[in-house]
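J.: Here it is, the structure, as structure tokens.
Protein chains: 2
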Amino acid sequence: MTEPPFRRVVVIGAGLMGTSVALALRRSGVEVLLEDADPGNLRVAVSLGAGVPVTPPVSSGDATGGGPADLSDPTDLVVVGVPPAALGTVIAEALARFPAAAVTDVGSVKAAALADTRAHASAGPGLDRYVGGHPMAGSEQSGPLAARADLFDGRAWAVTPHVDSRPDAVAAVDQLARTCGAFPVQLSPGEHDEAVALVSHLPQVASTVVAGLLTTAAEGHLVLAGQGLRDVTRIAGGDPELWTQILSANAEPVARLLHEAADNLHRVAHNLEKRDAGEAGLADLRNSLERGATGVRRLPGKHGARPEAFSPVPVLLPDRPGELARLFADVGAAGVNIEDVRIDHSPNTPAGLVELWVHQDTVPALLEALAHHGWDVHG
Amino acid sequence: MTEPPFRRVVVIGAGLMGTSVALALRRSGVEVLLEDADPGNLRVAVSLGAGVPVTPPVSSGDATGGGPADLSDPTDLVVVGVPPAALGTVIAEALARFPAAAVTDVGSVKAAALADTRAHASAGPGLDRYVGGHPMAGSEQSGPLAARADLFDGRAWAVTPHVDSRPDAVAAVDQLARTCGAFPVQLSPGEHDEAVALVSHLPQVASTVVAGLLTTAAEGHLVLAGQGLRDVTRIAGGDPELWTQILSANAEPVARLLHEAADNLHRVAHNLEKRDAGEAGLADLRNSLERGATGVRRLPGKHGARPEAFSPVPVLLPDRPGELARLFADVGAAGVNIEDVRIDHSPNTPAGLVELWVHQDTVPALLEALAHHGWDVHG
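The listed protein sequences derive, respectively, from chains A and B. All residue numbers for the first sequence refer to the UniProt record's numbering, where the first residue is 1 and numbers rise by one. All residue numbers for the second sequence refer to the UniProt record's numbering, where the first residue is 1 and numbers rise by one.
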């Protein structure tokens with residue numbers, strides 16, 4: 001039995017993220033203490049096995065940011081998982097209450113959290129023990145009931161030291177990411193915010209705007225919706241209040257990208273409107289579409305492999321219990337590893353279309369195995 | 001053995017869509033003749049079993065739109081599957097060459113196809129035998145090699161009669177949709193184009209614009225990309241030339257929606273920029289996000305059910321052959337029907353997270369079965 005990587009971790013805020021961190025730490029045998037202003041959240045998190053509740057606060061310090069605490073407290077790390085608007089206050093309080101611990105958070109925006117913390121901690125101790133963090137995982141759901149110990153498995157976890165962060169505090173947050181099954185990626189707070197404006201906040205708003213235009217559509221038109229629209233709009237189902245706070249906290253980089261995206265949409269519209277005037281508009285439209293196709297190819301896939309290493313093999317499946325089992329048993333028996341599965345969402349179908357995504361080298365073996373077992377395949 | 005629903009169908013254009021229609025018809029025992037200007041495409045389609053090549057043209061008519069053909073020709077239906085820019089010409093030719101057949105197409109835009117056909121067929125016979133069609137299925141891939149007999153199974157198939165369309169021609173295209181496994185949805189050409197501008201063309205351009213902004217991102221920033229960005233940008237990988245033609249052919253409704261979406265993006269950006277000026281910007285931002293969440297809930301799910309009837313059950317899966325088989329065998333043995341499966345795409349993970357989507361009524365039974373078999377579940 002290896003030693004747990006932390007003696008004790010305090011998690012402040014038992015929502016989706018905080019509770020998931022706590023569950024992941026418990027998985028590695030770490031002692032976890034939980035705090036939440038909402039007793040309901042706390043009760044749920046404790047009942048899920050995420051840790052032990054703290055009442056009154058474990059340290060002897062003043063919970064509003066006052067004097068020194070009990071230095072024999074074995075807390076190595078405090079993880080703050082509260083809404084963006086409260087981050088600075090709670091982080092500053094944690095630095096005061098736990099004067100021997102590293103403090104991190106799991107908020108989606110890092111420069112604002114640091115600035116708020118600095119403002120609140122200016123008269124207090126130890127900003128050098130604060131290192132921001134942001135696990136790149138989430139859910140359209142929220143609250144501790146949606147929490148999962150495996151939420152961070154295989155995900156990136158941004159670790160965002162500021163110029164005064166102590167190396168041992170940075171190491172502790174790196175270790176937190178690894179203990180939760182993620183891989184740490186170090187960036188400055190500002191660089192992080194630029195990155196997530198592009199890879200998370202821009203697509204969130206784009207998805208929201210497309211989905212918003214569906215609100216006035218005729219019901220009879222929506223029956224024509226296919227998988228493309230579903231994929232584009234899925235994340236628009238996220239919590240509006242949480243996203244209001246996230247976007248507000250990263251206002252500048254997000255606004256810049258939104259203006260750029262809006263200009264590009266207007267430009268495509270103008271290209272379409274003047275299409276009869278000549279070939280220039282069409283060429284510009286084609287150029288926009290080519291640029292998009294190039295951009296999507298830049299995204300890293302599972303295992304860091306490029307998506308083009310994987311190929312889809314479509315299989316027709318009767319829509320009744322046990323057919324997927326039979327399919328995967330046949331595939332497993334052939335020794336082929338499935339990287340992804342897509343099942344068609346279309347309405348009114350008596351049969352399902354399943355796409356098995358496998359490494360392209362294994363396609364011939366898979367096709368042979370499927371044919372051998374009588375599956376209806378075209379690829 | 002039931003009678004095939006058509007005596008003979010001629011498919012003109014052996015690309016992804018035309019070849020898939022041909023394969024679907026062959027599945028029902030229909031005699032299919034194939035034409036394509038590209039002998040390579042034709043050879044591939046024939047070798048896939050999609051039908052018999054036509055050289056020279058089956059009818060005795062003039063292939064460029066001239067006089068009457070052999071009326072004993074048993075062709076009931078001609079399906080035109082050529083690029084949008086060529087549709088009008090080829091449909092008009094088909095009406096002239098096959099004077100006893102209904103003629104349809106599988107193009108993505110219907111008013112322009114009708115207008116082009118009318119222009120080309122003005123001196124010729126039988127516009128009343130033309131009824132537009134648009135199966136709501138596709139792929140990021142193109143060409144006959146990507147064709148599948150099951151491409152249309154369970155999909156909507158827009159059937160777009162014009163005011164002069166003959167009822168027997170409409171019935172033939174309805175029958176084509178059903179024979180291909182789809183369900184026909186009748187709309188006027190203009191109404192169809194309004195609908196697909198919203199459910200297909202707008203999300204295509206939005207996806208393209210988001211993906212286009214990834215082209216200049218630092219590689220180190222893209223490592224932070226999660227599933228949300230992947231979903232939003234997937235369809236941006238489609239063929240730029242084909243999409244140039246589709247968007248151009250539906251320019252007016254698409255441009256109108258793109259301007260509206262662009263204005264909404266600018267508006268969110270302005271809300272973010274003036275957030276310090278007061279609560280009005282924030283309230284407006286929150287309102288946009290709520291509108292998006294409302295819009296996405298309007299989309300019909302599989303079997304026409306609302307997505308909220310389905311719930312995800314996340315299961316942690318060792319990343320090796322056979323584990324999915326074991327999982328689905330256990331689920332199948334419990335008699336639970338799986339509506340969808342999502343496998344996480346994150347890089348660098350030694351284990352996979354699988355979300356089983358099931359009807360919410362079956363969640364308890366599924367959880368019990370999974371727990372019984374020792375699966376690592378949180379839900």
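In this text, a Cβ means the ideal position worked out from N, Cα and C, and glycines have one as well. Note that the structure is predicted; figures quoted are calculated from it, not measured.
If we count the other Cβ atoms within 10 Å of its Cβ and call it buried at 16 or more, is residue 7 of chain A buried or exposed?
T.: Under this definition residue 7 of chain A is an exposed residue.
J.: Considering only the beta carbon of each residue, do residue 43 of chain B and residue 241 of chain A sit closer than 8 Å?
T.: Cβ atoms of residue 43 of chain B and residue 241 of chain A: not closer than 8 Å.
J.: Is the Cβ-Cβ distance between residue 75 of chain A and residue 91 of chain A less than 8 Å?
T.: Their beta carbons are not under 8 Å apart, which means residue 75 of chain A does not touch residue 91 of chain A by this criterion.
J.: Give the interface partners of residue 246 of chain B over in chain A, defined as CB-CB distance under 8 Å, in chain order.
T.: Residues of chain A passing the Cβ test: none, with the nearest at roughly 10 Å.
J.: Touch check for the region 197-216 of chain A and the region 154-165 of chain A: three-plus C-beta pairs under 8 Å?
T.: Touching, no, given that fewer than three Cβ pairs across the two stretches are closer than 8 Å.
J.: Would you call the region 253-269 of chain A in contact with the region 222-238 of chain A, where contact means no fewer than 3 C-beta pairs closer than 8 Å?
T.: At 8 Å Cβ cutoff, the stretches do not touch.
J.: Which class does residue 49 of chain A belong to by DSSP, given the choice of helix, strand or coil?
T.: Residue state, collapsed to three classes: coil.
J.: Jot down the residue ranges of each uninterrupted beta strand (DSSP E) in the region 149-176 of chain B, minimum 3 residues, whole runs only, in chain order.
T.: Taking only runs of at least 3 residues, the beta strand (DSSP E) segments lying wholly in the region 149-176 of chain B are 156-160.
J.: Is there a Cβ from chain B that is less than 8 Å from the Cβ of residue 292 of chain A?
T.: Yes, residue 292 of chain A lies at the interface with chain B (some Cβ there is under 8 Å from its Cβ).
J.: Please compile the residues from chain A whose C-beta is within a distance smaller than 8 Å of the C-beta of residue 41 of chain B.
T.: None at all; the shortest Cβ gap to chain A is about 16 Å.
J.: Is residue 314 of chain B helix, strand or coil by DSSP?
T.: DSSP places residue 314 of chain B in strand when its eight states are reduced to three.
J.: Determine which residues share a DSSP beta bridge with residue 145 of chain A and list them.
T.: Residue 145 of chain A pairs with nothing; no bridge assigned.
J.: Classify residue 168 of chain B: buried if its beta carbon has 16 or more other beta carbons within 10 angstroms, exposed otherwise.
T.: Residue 168 of chain B should be labelled exposed.
J.: Opposite residue 184 of chain A in the DSSP bridges: which residues?
T.: A:157, per the DSSP bridge assignment.
J.: Run through DSSP, which three-state label would residue 133 of chain B get?
T.: Strand at residue 133 of chain B.
J.: Can you list the residues of chain B that residue 19 of chain A reaches, using a CB-CB cut of under 7 Å?
T.: What residue 19 of chain A touches in chain B: nothing, since even the nearest Cβ is about 10 Å away.
J.: Could you tell me whether any Cβ in chain E is nearer than 8 Å to the Cβ of residue 174 of chain A?
T.: Of the chains in the structure shown, none is chain E; the protein chains are A and B.
J.: When you compare the region 229-248 of chain A with the region 170-180 of chain A, are there three or more beta-carbon pairs, one atom per stretch, that lie closer than 8 Å?
T.: No contact exists between the region 229-248 of chain A and the region 170-180 of chain A.
J.: From the beta carbon of residue 366 of chain A, is the nearest beta carbon of chain B less than 8 Å away?
T.: With 8 Å as the cut-off, residue 366 of chain A does not count as an interface residue toward chain B.
J.: List the residues of chain A that residue 260 of chain B touches, going by C-beta distances under 8 Å, in chain order.
T.: The answer, in chain order, is 213.
J.: Given residue 243 of chain A, which residues of its chain have a CB within under 7 Å of its CB, disregarding the five upstream and five downstream residues?
T.: Excluding residues within five positions, the ones whose Cβ falls inside 7 Å are 204.
J.: Contact check, residue 106 of chain B vs residue 18 of chain B under 8 Å by CB: the rounded distance?
T.: Contact flag correct, Cβ pair sits at about 7 Å.
J.: Note down, in chain order, every chain A residue with its Cβ under 7 Å from the Cβ of residue 178 of chain B.
T.: Per Cβ cutoff of 7 Å: no residues; residue 178 of chain B is ~11 Å from chain A at best.
J.: Quick check on the burial criterion: 16 or more other C-beta atoms within 10 angstroms. Buried or exposed for residue 2 of chain A?
T.: That one is exposed.
J.: Helix, strand or coil for residue 305 of chain A per DSSP?
T.: Only weak support is given to the placement of residue 305 of chain A: the predicted model assigns it a pLDDT of 42, under 50, and the value that follows is read from those uncertain coordinates. Coil.
J.: What's the gap between the Cα of residue 377 of chain B and the Cα of residue 326 of chain B?
T.: Cα-Cα distance, rounded: 15 Å.
J.: What is the rounded straight-line gap between the Cα of residue 369 of chain B and the Cα of residue 249 of chain A?
T.: About 43 Å.
J.: Residue 214 of chain A and residue 256 of chain B: beta carbons closer than 8 Å?
T.: Cβ atoms of residue 214 of chain A and residue 256 of chain B: not closer than 8 Å.
J.: So if I threshold CB-CB distances at 9 Å, which residues from the region 191-204 of chain A count as touching chain B?
T.: So the close ones are 191, 192, 194, 195, 196, 198, 199, 200, 202, 203 and 204.
J.: Taking Cβ positions, are residue 32 of chain B and residue 77 of chain B nearer each other than 8 Å?
T.: No; because the gap between Cβ atoms is not below 8 Å, this pair is not in contact.
J.: Could you check whether the Cβ of residue 50 of chain B sits closer than 8 Å to any Cβ belonging to chain A?
T.: With 8 Å as the cut-off, residue 50 of chain B does not count as an interface residue toward chain A.
J.: List the whole-angstrom C-beta distance separating residue 173 of chain B from residue 133 of chain B, where the pair is believed to meet the contact cut-off of C-beta under 8 Å.
T.: About 5 Å separates the two Cβ atoms, so the contact holds.
J.: Go to residue 102 of chain B, then tell me how far its alpha helix (DSSP H) extends in each direction, as first and last residue.
T.: Here residue 102 of chain B belongs to no alpha helix (DSSP H); instead the beta strand (DSSP E) covers 102-105.
J.: Shorter than 8 Å from the beta carbon of residue 80 of chain B to some beta carbon of chain A?
T.: So no, residue 80 of chain B is outside the interface.
J.: Does the ligand FMN have a heavy atom nearer than 7 Å to the CB of residue 6 of chain A?
T.: As presented, the structure is devoid of all ligands, the ligand FMN included, so that no description of it is given.
J.: Rounded to whole angstroms, what's the CA-CA distance from residue 366 of chain A to residue 332 of chain A? Just pull it up for me.
T.: Approximately 10 Å, taken between the alpha carbons.
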